[in-house]
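Please read the structure below before turning to the comments.
There are 2 protein chains.
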Amino acid sequence: MGWNGKNTTHAGIEERGFELIVAGNAVPGVYWAPSNAPSERLVLLGHGGTSHKKIEYIVAVANFLAAKGIASLAIDAPGHGERAIEGAANPDMDAFEQTWREGGGTETVLAEWKAALDFIEDEIGARPTGWWGLSMGTMMGLPVTATDERIRVAVLGLMGTRGPNGKDLERFAPRVTCPVSFLVQWDDELIPRQTCLDLFDALGSKKKTLHANPGRHQAVPQFELAASADYLDRSLR
Amino acid sequence: MGWNGKNTTHAGIEERGFELIVAGNAVPGVYWAPSNAPSERLVLLGHGGTSHKKIEYIVAVANFLAAKGIASLAIDAPGHGERAIEGAANPDMDAFEQTWREGGGTETVLAEWKAALDFIEDEIGARPTGWWGLSMGTMMGLPVTATDERIRVAVLGLMGTRGPNGKDLERFAPRVTCPVSFLVQWDDELIPRQTCLDLFDALGSKKKTLHANPGRHQAVPQFELAASADYLDRSLR
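Put into structure tokens, the structure is as follows:
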């Protein structure tokens with residue numbers, strides 16, 4: 031386990047692959063950093079359900095962050111990406127929930143993200159760190175942010191109190207105390223709007239801000255992706 | 031009626047007073063412009079209830095805009111500022127609603143804002159124009175934006191479908207079609223949260239975005255004022 035030697039550099043961003051073993055499972059990940067200077071801040075990028083660590087919007091946010099001198103990392107969630115099992119790319123919510131449960135749910139992702147951050151801190155050093163993750167990226171990131179004091183700021187959203195791990199999120203939300211920017215898709219066909227507003231409500235953070243835009247679950251406007259990187263940049267200074 | 035000769039210039043912003051007569055009533059106003067260059071864009075600034083045209087946050091937004099080369103103007107609403115009547119500064123909602131009704135309500139403010147924009151366009155020239163106004167600034171600005179095609183973008187918020195002119199707002203909202211940024215105070219003690227969300231819902235604009243922050247009606251964070259000026263700047267280009 032460790033760096034896997036799959037490295038590339040282009041357009042000012044260096045990408046390094048790694049693989050960890052957590053509770054017996056191989057967890058593949060990728061670390062991005064600006065290629066021209068040391069990066070003194072880090073963001074963990076949690077991908078959405080039926081997606082993977084290098085899906086387009088994750089790479090887009092990694093690039094927005096790298097342009098501000100911020101490193102980032104992503105890992106494949108259980109049953110996703112290089113860990114995909116039959117049918118994991120099925121966008122059906124029942125199939126997704128089954129993948130989530132069979133992958134071990136909240137406790138497993140907490141252990142895996144802790145291992146990933148530990149690894150990068152051991153290798154590169156500890157730095158001010160944030161979380162970015164929507165939908166399943168919030169199912170993972172809200173508990174991570176609530177329990178790992180290294181996370182100083184989070185971009186969350188597209189998830190509510192009645193999602194696949196809604197009970198966990200309700201329980202962890204009051205323990206989130208760092209600044210949070212929370213995104214809502216106003217016409218979300220997967221996660222009822224009111225449950226998203228309820229989850230925002232439940233966050234313990236004194237500094238929290240909600241951005242809502244018209245459109246369905248997957249139609250987050252590009253300007254919000256850019257704005258979320260700006261928010262992390264300002265908050266991690 | 032016209033410029034009243036009360037002019038000042040400081041810190042890069044020129045302020046010129048004016049007074050109009052609309053339906054027999056004197057309407058005092060102020061026009062702000064960057065002092066060092068012609069401004070090719072304009073924003074109308076609608077102040078909140080029990081407030082006036084030069085209240086601190088209006089001046090703050092005028093300065094944010096001037097720094098981007100954008101001119102702005104504000105007028106005192108009926109019963110406010112230089113037009114204040116006994117008790118108009120009373121923050122009591124019943125007293126405020128009485129002031130609003132006795133001032134002529136939606137129809138009067140539509141006529142006054144049209145006169146103000148006509149005056150500035152006659153004097154300075156027609157330019158891409160936006161609206162900025164929260165609370166009573168939305169009670170005025172939503173109907174103005176719905177009916178005056180010169181308004182190309184609006185910052186609205188802190189108002190709902192059951193405010194003092196809630197029925198008017200419900201009626202005009204579908205006719206608002208330009209981009210809108212809508213602010214909500216999550217713990218608003220004057221305007222129930224859900225009625226604000228309902229008003230955002232009712233806006234006809236395809237491009238609309240909602241920003242919500244914790245706190246009471248008057249506790250809009252300074253960063254949202256700055257962000258609202260950025261939004262107008264981007265939208266009026």
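Protein chains in written order, with the working numbering: chain A, 31 to 267; chain B, 31 to 267. Note that the Cβ used here is the ideal one computed from N, Cα and C, for glycine as well.
If you follow the beta strand (DSSP E) that B/TRP62 is in, where does it begin and where does it stop? 55 to 64
Would A/HIS241 pass as an interface residue toward chain B - the criterion being a Cβ-Cβ separation below 7 Å? yes
Complete beta strand (DSSP E) runs within the segment 185 to 230 of chain B (minimum length 3 residues, chain order): Along the segment 185 to 230 of chain B, the beta strand (DSSP E) occurs as fully enclosed runs of 3 or more residues at 210 to 215, listed in sequence order.
Under 7 Å between C-beta atoms of A/VAL183 and A/PRO209: With contacts defined as CB atoms closer than 7 Å, A/VAL183 and A/PRO209 qualify as a contacting pair.
Neighbourhood of B/GLU70 by C-beta distance below 8 Å, restricted to the same chain and skipping five residues each side: GLY99, ARG157 and PRO158
Quick one: is A/TRP62 buried, meaning 16 or more other Cβ sit within 10 Å of its Cβ, or exposed? buried
Using the beta-carbon of each residue, which ones in chain A are nearer than 9 Å to B/LYS98? Ordered by position in chain A, no residue passes the 9 Å Cβ test against B/LYS98, which lies about 17 Å from the chain.
Answer yes or no: do A/VAL91 and A/TRP162 have a C-beta to C-beta separation smaller than 7 Å? yes
Using the C-alpha atoms, what's the distance from A/GLN215 back to B/VAL214? 16 Å
What does a CB cutoff of less than 7 Å around A/ALA256 pick up in its chain, not counting 5 residues either side in sequence? PHE94
Since A/THR268 is in the beta strand (DSSP E), which residue starts that stretch and which ends it? Past the edges of chain A, shown from 31 to 267, lies residue 268 of chain A, and the structure says nothing about it.
What are the complete beta strand (DSSP E) segments, minimum 3 residues, inside the segment 102 to 164 of chain B? Assignment of beta strand (DSSP E) within the segment 102 to 164 of chain B, counting only whole runs of 3 or more residues, yields 159 to 163 in chain order.
Segment limits, beta strand (DSSP E) that includes A/GLU45: 43 to 52
Considering only residues of the same chain and omitting the five flanking positions on each side of B/ILE85, which have a CB-CB separation below 6 Å? HIS77
Using a threshold of 7 Å, state whether the C-beta atoms of A/THR136 and A/PRO173 are closer than that. yes
Taking buried to mean at least 16 other C-beta atoms within 10 Å of its own C-beta, is A/GLU302 buried or exposed? Residue coverage of chain A in this structure runs from 31 to 267, which leaves residue 302 of chain A outside it and unanswerable.
B/GLU49 to B/GLY109, Cα distance in whole Å? 15 Å
What do you get for A/ASP25, buried or exposed, if any count of 16 or more other CB atoms within 10 angstroms of its CB means buried? Lying outside 31 to 267, the shown extent of chain A, residue 25 of chain A is not represented and no answer is given.
Contact set between B/PRO209 and chain C, taken where Cβ atoms lie within less than 9 Å: This model lacks chain C altogether, as its protein chains are A and B.
Coil, strand or helix - A/ARG246 by DSSP: coil
Look at A/ILE88 and A/ALA146 and say whether their C-beta atoms are less than 7 Å apart. no
To the nearest angstrom, report how far apart B/HIS241 and A/THR177 are at their CA atoms. 27 Å
Going by DSSP in three states, B/LEU255 sits in which element: helix, strand or coil? Assigned with DSSP and collapsed to three states, B/LEU255 falls in helix.
Just grab the DSSP bridge partners of B/ARG71 for me. B/ILE100
For A/LYS197, count neighbouring Cβ atoms within 10 angstroms of its own Cβ and tell me buried if that reaches 16, exposed if not. A/LYS197 comes out exposed.
With B/GLY234 as the anchor, note down where its beta strand (DSSP E) starts and where it stops. It is not in any beta strand (DSSP E) - B/GLY234 carries neither H nor E in the DSSP assignment.
Taking just the CA atoms, how far does B/VAL60 sit from B/LEU72? Cα to Cα, the separation comes out at about 13 Å.
With respect to the alpha helix (DSSP H) encompassing B/LEU172, which residues constitute its N-terminal and C-terminal limits? 166 to 177
Under 8 Å by Cβ, that's how I've got B/TYR261 and B/VAL139 pegged, so tell me the actual separation to the nearest angstrom. B/TYR261 to B/VAL139, Cβ: 23 Å. No contact.
Chain-ordered neighbours of B/PRO244 on chain A, where CB pairs are closer than 9 Å: Result: SER235, LYS236, LYS237, LYS238 and THR239.
Can you have a look at B/MET31 and say buried or exposed, based on whether 16 or more other CB atoms are within 10 angstroms of its CB? Its Cβ having fewer than 16 others within 10 Å, B/MET31 is exposed.
Is it the case that the Cβ atoms of A/PHE126 and A/THR80 are separated by a distance below 7 Å? yes
Between B/GLU112, B/GLY54 and B/ALA67, which lies nearest to B/HIS82 when the distance is taken from Cα to Cα? B/GLU112
Using CA atoms only, rank isn't needed, just tell me which of B/ILE181, B/ILE221, B/ASP148 and B/GLY160 is closest to B/GLY187. B/ILE221
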